[in-house]
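J.: The opening residue of the sequence shown carries number 1 in the UniProt record's numbering; numbering runs sequentially from there. Handing you a structure now.
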Amino acid sequence: MASHPDTRRLLDGVAFLALVPASAKERLTGIARPVHYPSGRALFRRGDAGEGMLIVLDGLVRIHLSTADGRELSLALVGRGEPIGELALVDGGPRSADATTFTPVSALLMRHDDVAPLIATDVAFAGALLRTLAARLRQSSAQVEAIGLHSLRQRLAAVLLRLAAVEPTGLVRLPQAQIASLAAATRPRVNHLLTEFRQQGLVEPSRAGLRLRDPARLRRIAEEA
């Protein structure tokens, strides 16, 4: 387990806590507990008790919805410096989606009962949580808009850019089935479009993953009117 100075150093590197004063971070240092999970671990399921929030320090976590017959809809990928389950810190309610590690993950765990007093007394920390919740709501609205109004070509370009941005190597390492889920499309359609992207010099397959050869052009595709 990380020592007190190590935990404080990790908290100082979390972007969404940048505006939180040192006094609040010092209190969080005594609350946050370093945790580690292997790839493929279910962190929580929809309907589980919301015990607290995780801040990802390294690795990727997939947020998704699942049905009893095995169908899934990927909602987001959460990477380094981003929180998971922050809503539980606000209301202590049940989880609204599933969370599964895509890679080995290191994180800081903050339990609701430990953080609730800080939320109630520190305006800056409460504000940081509210800004995070607002960003997630905007992200959800943008996803609904993309599914309803954007072409698959636009959606896939946006998904590839997002996946490359949260991976330190800049590679897209998700299987095609999960890329298709994030793009709200079937795997055959995504496979066909990825082949087109490769032929156009936009992406290049490698053993380690999919490399984006022309991110600027992909961004233009994603933003097409």
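Cβ atoms here follow ideal geometry from the backbone N, Cα and C, with glycine treated the same way.
Roughly how many whole angstroms lie between the Cα atoms of A22 and I55?
T.: 18 Å
J.: Tell me the residue span of the alpha helix (DSSP H) that contains G30.
T.: A22 to I31
J.: Between the C-alpha atoms of G81 and L28, what's the straight-line distance to the nearest angstrom?
T.: C-alpha separation (whole angstroms): 15 Å.
J.: Given a cut-off of 8 Å on the beta-carbon distance, is the pair A164 and L212 in contact?
T.: yes
J.: How about the region 154-163 and the region 199-218: do they share at least three Cβ pairs that are nearer than 8 Å?
T.: Contact holds: three or more Cβ-Cβ distances are below 8 Å.
J.: Have a look at R155 and R9 and give me their C-alpha separation to the nearest angstrom.
T.: 37 Å
J.: Residues in its own chain within less than 6 Å of A15 by CB, not counting five upstream and five downstream?
T.: G81
J.: So the candidates are F44, H36 and H150; which of them puts its Cα closest to the Cα of V105?
T.: Out of F44, H36 and H150, the CA that lies nearest to the CA of V105 is found in H36.
J.: If the criterion is Cβ atoms closer than 8 Å, does the pair A99 and L65 meet it?
T.: Note that the C-beta distance between A99 and L65 is not below 8 Å.
J.: Beta carbon of L152, beta carbon of L193: below 8 Å?
T.: yes
J.: Along the chain, where does the alpha helix (DSSP H) containing T195 start, and where does it finish?
T.: R187 to Q199
J.: What number of angstroms, rounded off, separates the C-alpha of M53 from the C-alpha of E86?
T.: Taking the CA atoms as reference points, M53 sits about 5 Å from E86.
J.: State the beta-bridge partners of P205 as determined by DSSP.
T.: L210
J.: Cβ of L75 within 8 Å of Cβ of L60?
T.: no
J.: Drop a sphere of 10 angstroms on the beta-carbon of A177, count the other beta-carbons inside from all chains shown, and report buried for 16 or more, exposed for fewer.
T.: exposed
J.: Classify T121: buried if its beta carbon has 16 or more other beta carbons within 10 angstroms, exposed otherwise.
T.: exposed
J.: Which of the three DSSP states is assigned to T103 in this structure?
T.: coil
J.: Identify, in the order they occur along the chain, each residue of the same chain with its Cβ nearer than 7 Å to the Cβ of A180, setting aside the five sequence neighbours on each side.
T.: These residues qualify, in order along the chain: T186, R187 and V190.
J.: Does the separation of the CB atoms of L19 and A128 fall below 8 Å?
T.: yes
J.: Taking the alpha carbon of D113 as the reference point, which residue from F125, L43 and G92 has its own alpha carbon closest?
T.: Nearest C-alpha to D113: G92.
J.: Would you kindly report the start and end of the unbroken beta strand (DSSP E) that includes D69?
T.: That residue, D69, is in no beta strand (DSSP E); it is neither H nor E in DSSP.
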